[in-house]
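In our numbering, the protein residues as written are 11 to 774.
Structure first, then comments.
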Amino acid sequence: GLFVTDYFTRTPRKLSPFRSFASIELFHFHIPEDTVIAVWNLITFKEQGGTFGDQCPDRSITVYFRSGAPSVINPLHTHFPRDTAVPGSFTLTLTWTLPNRTTGVFNVTSPLPGDWFLAAHLPKDEGKISVKGLYEECQYLFQPQLIVQRLVNIAVLYPGHVTEQSMAPHNRSCLYKVFVPSYTSRVLVEVLQCHGAEGCPLWLRVRAKAPPLHNSTTLDCREHAPCQLAQDLPFWQHWYYVLVEKHPGVPGTVSFQVTVQLTDCSRPSLARPPFLPSSASMNMPHSFGSAGGLVLGDSPPPTSPNDTKHPVPISVTSHAGERCWPVRPTLRNELDTFSVHFYIFFGPNVSVPPDRPAVFVINLLPVLDSGGVLNLELRLNVSSLCGENVTVFGCLNHEVPLTSGDNTSVTCETESLAGFLLSVNATASLSRLRIPYPQTGSWYLSLRSLCATDHGFEPCTNVTAEVYLRAYLSPCINDCGIYGQCKLLRTNNYLYAACECKAGWNGWGCTDNTEAFSYGFQLLSTLLLCLSNVMFVPPVAIAVRSHYLLEAAVYIFTMFFSTFYHACDQPGIVVFCIMEYDVLQFCDFLGSLMSVWVTVIAMARLQPIVKQASVLYLLGAMLLSMALQMDRHGLWNLLGPSLFALGIMAVAWTARTIRRRHCYPPTWKRWAFYLCPGALIAAAAVLLYAFVETEENYFYIHSIWHLLIAGSVGFLLPPRAKPSRRLGPLPRRKGCGYQLCINEQEELGLVDPAVASINSICTS
């Protein structure tokens, strides 16, 4: 055949250590139909500071592959919530072959067409809290590329027609495909008139959705005459691929005929006619009450004029389980993103008769619905059983309803199908099923009532069970509970939802409490983070005593908002918020930086120049507000204002030292008992904050940070400024009247009125 190669790539993305599914990087691909091979080229490289990260450590990268929906991964081996089905996926771990680059290849032969999803992440780290900008972090970038090779012009088989074929000696196989419409219970592929050098040296292989593989359903035509291969309960609305393969080493040309017959389950005694009118393509039953009131599915594609086909007689024997029952549709009601309810006509209470199953269909839209959770709930009305020991079984299957031929079967699996089993009875009247990231398409629910006896289950007589059925799509499982947050995430144009857990809880629905924080631990951490701010009370008292009222006001502001910010920032249930979280965070960060700013400016002793000091205070508040609005977690938000204020203090101290010709501050006691201890305490606080703090020790390391910073302020705040001895109080006349005092030196614009003599003119 003719092959066409397609190439797809995605933009490199930075990988993160795994914490929850919200921390993974998801990539979405689409594989076209008739693809015979798909090759993923997985490129990973390191970066550090804009260059190749040769010095970065090697960290393994795990990649997950799944068709139809994102992978449901569990690398931490946590517990899933109850009644949750976990679909499987392929997993690949990449190791490094070069210092800064590695490449992995993942081949899939005859992949399923449609959506494919790749998820990648780094291993879980120790949870260190690093200051942004302190050092160049190692970044691990991941870029997947997809190369697909697909066949074009595959021959199409039409039900009830014969296709003649001659396989030349240099050819190994011939590939065909046939479309299977809805309400088809059986696909029968037959090889006729096979002539070769050694009888019929052919293998017959059949597979749904994609070309057959070596492990697909296979029949050796040498050993079976006639050469017929049947597929019961085929997938509806899909292509089935037929591969006729010649035995190796067979000389000469092999000629044969291929025909396909489809059994219509709405009329089990008849095969599907080769041609249908266009009005027969409606997928809707005429009546919900009768078993035979079904119309046929979609008509087959039009016949190609180049193929040689001959009609064959329609004669198919009825098999067990070929009869299908009315499929009741559901009404889709979209409330929000991944919030969809499926309502049943004449529901939600469903009557399950004893003689036939009740079948319902739930249609999930491609791409749009695969990023949520499909929820199904069955509740049995015990009063409708009339005292009988009735059990209602439900089978949820993808793309085809599974109704077993015998009346006592309670399984939801066949050789080629696997579904989900639910059951309710008088003892356990409620059953739930959750499927995270379900595959899109049609999901069929078959309900069957059976009565329990000493010999197993048997059909009930004259008992119609009533079941409350609820089906809906939700973003997360139980909205992630009280210890999690359901996040809506996006990768390019694909939306999906995932839980982000807190307070030590883990799992897909934040229900795994193996490492959860107890209530006492949560209360203790909250009290430590909040009450440690009381350490600002001594600096406030010292500032008020030294007449640093502006500094005292800033310390009070910091103490107040730091207390309530940490009360609102807790991950557990011990949370108290007096304002919006963003407002409290901004005020806490602003108060912390303003405390550093006003303390250093106060140490510079700019009080005699009152106007300049006020300008610096106001300028610092405006610049810090701007910087925090740009980036609250940046390193230079803390270092920038601190270094600028320290520079002003250094200039002021140096000027005083030069003018007085003596070191400033002048006394050794000030250096030994105040400045040096205060500087050491502040340095220890910064080191703890930058290098020691992690997510596990945050509550007590950050509390120590509060204590040390507040304590350093008490040491570093300068004493009260002594009044100048050269300026005495101006004389004031006793009695009534007023004094108008004019300082002639100030009026003349002299800079230092303390040195010059002051002549004041006072008039009454």
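Quick reminder that beta carbons are idealized off the backbone N, C-alpha and C, glycines included.
Note that the coordinates shown come from a computational prediction; the quantities given were computed from them, not determined experimentally.
task: Under 8 Å Cβ to Cβ from residue 467, same chain only, skipping five residues before and after it: list those, please.
output: 401, 418, 420, 460 and 461
Burial state of residue 17 (16 or more Cβ within 10 Å): exposed
- prompt: Just reading off the alpha helix (DSSP H) that residue 609 is part of, what are its end residues?
  reply: 591-613
query: Where are the beta strand (DSSP E) runs, 3 residues long or more, that stay fully inside the region 430-488, in chain order?
result: For the region 430-488, whole beta strand (DSSP E) runs of length 3 or above, ordered along the chain, are 430-434, 440-446, 451-463, 466-469 and 475-484.
query: Residues in its own chain within less than 7 Å of residue 527 by CB, not counting five upstream and five downstream?
result: 513, 514 and 582
- request: Using alpha carbons as the reference points, say which of 698, 217 and 683 lies closest to residue 725.
  value: 683
task: Could you check the C-alpha separation between residue 147 and residue 110 for me, to the nearest Å?
output: 14 Å
field: CA nearest to the CA of residue 193, picked from 403, 559 and 412
entry: Nearest C-alpha to residue 193 among 403, 559 and 412: 412.
query: So, using beta-carbon positions, are residue 162 and residue 446 closer together than 9 Å?
result: Going by C-beta atoms, residue 162 is not nearer than 9 Å to residue 446.
message: With three or more C-beta pairs closer than 8 Å as the rule, is the region 346-355 touching the region 467-487?
response: Result yes; three or more Cβ-Cβ pairs closer than 8 Å.
message: For the beta strand (DSSP E) containing residue 249, name the first residue and the last one.
response: 248-256
field: Alpha-carbon spacing of residue 190 relative to residue 67, whole angstroms
entry: Roughly 53 Å separates the two Cα atoms.
field: Inter-residue spacing [alpha-carbon to alpha-carbon] between residue 9 and residue 378
entry: Past the edges of the chain, shown from 11 to 774, lies residue 9, and the structure says nothing about it.
query: What residue range is occupied by the uninterrupted alpha helix (DSSP H) comprising residue 351?
result: First-last for residue 351: 349-354, but that is the beta strand (DSSP E), not the alpha helix (DSSP H).
- request: Would you mind sorting residue 658 into buried or exposed? The rule is 16 or more other CB atoms within 10 Å of its CB.
  value: Label assigned to residue 658: buried.
task: Given a cut-off of 9 Å, decide if residue 545 and residue 717 are closer than it, judged by their beta-carbon atoms.
output: yes
- prompt: How about residue 264 and residue 361: do their beta carbons lie closer than 9 Å?
  reply: no
task: Put residue 672 into one of helix, strand or coil per three-state DSSP.
output: Residue 672: coil per DSSP, three-state reduction.
Residue 237 beta carbon less than 9 Å from that of residue 208: no
- request: Write down the C-beta distance between residue 219 and residue 248 rounded to the nearest angstrom, noting that I regard them as a contact closer than 8 Å.
  value: 5 Å
- prompt: Can you tell me whether residue 553 is buried or exposed, with buried defined as 16 or more other CB within 10 angstroms of its CB?
  reply: That one is buried.
field: Anticipated Cβ contact below 8 Å, residue 160 with residue 42, distance rounded
entry: 6 Å
- request: Could you please give the first and the last residue of the uninterrupted beta strand (DSSP E) stretch that includes residue 196?
  value: 194-205
- request: Can you have a look at residue 292 and say buried or exposed, based on whether 16 or more other CB atoms are within 10 angstroms of its CB?
  value: Caution is warranted here: a pLDDT of 29 is assigned to residue 292, below 50, making its placement in the model unreliable, and the coordinate value is therefore given only provisionally. It is exposed - the Cβ of residue 292 has fewer than 16 other Cβ atoms within 10 Å.
query: Leaving out five residues before and five after residue 474 in sequence, what residues of the same chain have Cβ atoms less than 6 Å from its Cβ?
result: Once the five neighbours on either side are set aside, the close Cβ partners of residue 474 are 361 and 363.
- request: Report yes if the C-beta distance between residue 594 and residue 571 is below 9 Å; otherwise report no.
  value: yes
- prompt: According to DSSP, which residues form a beta bridge with residue 421?
  reply: Residue 421 is not bridged to any residue.
- request: State the Cα-Cα distance for the pair residue 198 and residue 272, rounded to the nearest angstrom.
  value: 6 Å
- request: Express the C-alpha separation of residue 155 and residue 20 in angstroms, rounding to a whole number.
  value: 6 Å
query: Short check: CB of residue 90 to CB of residue 715, under 9 Å?
result: no
- prompt: Across which residues does DSSP place residue 53 in a beta bridge pair?
  reply: Answer is 113 and 153.
query: Whose C-beta lies closer than 6 Å to the C-beta of residue 239 among residues of the same chain, with five residues either side of it excluded?
result: 199, 214, 216 and 229
message: Distance check for residue 651 and residue 663, CA to CA, integer angstroms please.
response: 18 Å
- request: Give the DSSP bridge partners of residue 500, in chain order.
  value: 505
query: In whole angstroms, what is the alpha-carbon distance linking residue 85 and residue 449?
result: 21 Å
message: Using a 10 Å radius around the Cβ and a threshold of 16 neighbouring Cβ atoms, would you call residue 558 buried or exposed?
response: buried
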